[in-house]
Amino acid sequence: MNEYKIFSDSTTDLSPELIQELDVEIIPLTFIMGGNSYLNYPDEREMTSKEFYKRIRAGETSTTNQLNAVQFTEAFEPFLKKGIDIFYMAFSSGLSGTYNAACITAEDLRAKYPERKIIVVDTLAASMGEGLLVYNAVQKKREGATIEELKAWVEENRNKMAHWFTVDDLNHLKRGGRVSGAAAFFGTMLGIKPVLHVDDEGHLIPMEKVRGRRQSLDALVAHMVKTVEHPDKQMIFISHGDALEDAKYVAQKIQEKFQVKGICIHSIGPVIGAHSGPGTIALFFLAKNKD
122 MNEYKIFSDS
132 TTDLSPELIQ
142 ELDVEIIPLT
152 FIMGGNSYLN
162 YPDEREMTSK
172 EFYKRIRAGE
182 TSTTNQLNAV
192 QFTEAFEPFL
202 KKGIDIFYMA
212 FSSGLSGTYN
222 AACITAEDLR
232 AKYPERKIIV
242 VDTLAASMGE
252 GLLVYNAVQK
262 KREGATIEEL
272 KAWVEENRNK
282 MAHWFTVDDL
292 NHLKRGGRVS
302 GAAAFFGTML
312 GIKPVLHVDD
322 EGHLIPMEKV
332 RGRRQSLDAL
342 VAHMVKTVEH
352 PDKQMIFISH
362 GDALEDAKYV
372 AQKIQEKFQV
382 KGICIHSIGP
392 VIGAHSGPGT
402 IALFFLAKNK
412 D
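Just so we're aligned: 315 in my numbering is position 194 of the sequence shown, and the numbers increase by one with no gaps anywhere.
As structure tokens, this is what we get:
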């Protein structure tokens, strides 16, 4: 079996420590704020999540760019030149054009390196849901999975990666076209907190409306109770938009209901955070199905 390297992008929202432990390559996406472009490195060398959310709360906005062919080529080619195959796990095609750009780049690189395998897989996932798929893929690789076997595993399990999350401010979803202006206005007035998930096509879908922040956090755990499979054998991931205490609350509620392998909490980076906003809490686990 030829050596291969697992790649993904910074929308996994994995910590630098976990990335190092997993020995994966993460390609940073770009976000634009205040007229300046920044790369979303996991080590936050260009802007910390704290600074990002502070500026968002102060009224600034941010936009994002997908990865392009130049970035992919610069990331992949050093490994291809060393005779190492590429397994790239892409940010959901339902939320970004990054997957399609990776497929086009891979086709070009296959012509240049015909002896190398370059596999691109659409995770249909985002934030630490994508990160949890990467984490589990690494475990499969360490168990001896070939690059083709790993592709089959990810494609079989990506629609079991449940994404349940809630946002604190409906106006960020309004800007992204997820809720109407009227819904955002009246929802904010009434303290309505939407509970959303990512569907089987990798799109963001509002699922229910809950009144009150604490109730919305409890709703995330309630969905886990309904659908989780073998929690005792799973790592559970929770990501947050500068709302660590609320993430810890969700973790505590999970531990009261389940014996889990472990819980990993990390912040939502600027690329996802530009669309979800401060106060977002997201819960990820393997389930019978995403909803």
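Ideal Cβ placement from N, Cα and C applies to all residues, glycine included.
Just so you know, these numbers come straight off a predicted model, no measurement behind them.
Asked                                                                                      : Found
Residue range of the unbroken beta strand (DSSP E) whose run includes Ile-389              : Note, Ile-389: premise wrong, no beta strand (DSSP E); not H, not E.
Coil, strand or helix - Met-282 by DSSP                                                    : strand
Length of the line joining the Cα atoms of Leu-311 and Leu-230                             : A caution first: Leu-311 carries a pLDDT of 44, below 50, which makes its placement in the model unreliable, though a value can still be read off. If I take the Cα positions, the gap works out to 53 Å.
Alpha carbon of Gly-323 to alpha carbon of Gly-155, nearest angstrom                       : 29 Å
C-alpha gap between Val-145 and Met-122, whole angstroms                                   : 18 Å
Residues that DSSP places opposite His-318 in a beta bridge                                : Trp-285, Ile-326
Those residues which DSSP pairs with Ala-403 across a bridge                               : Phe-286, Ser-360
For Ala-247, three-class secondary structure by DSSP                                       : coil
Under the three-state DSSP convention, the category Met-345 falls into                     : helix
Distance CB(Gly-398)-CB(Val-331) smaller than 8 Å                                          : no
C-alpha distance - Leu-407 paired with Trp-274, whole-angstrom precision                   : 13 Å
Same chain, Cβ closer than 7 Å to Gly-400, neighbours up to 5 away in sequence not counted : Val-288, Asp-289, Asp-290, Gly-362, Ala-364
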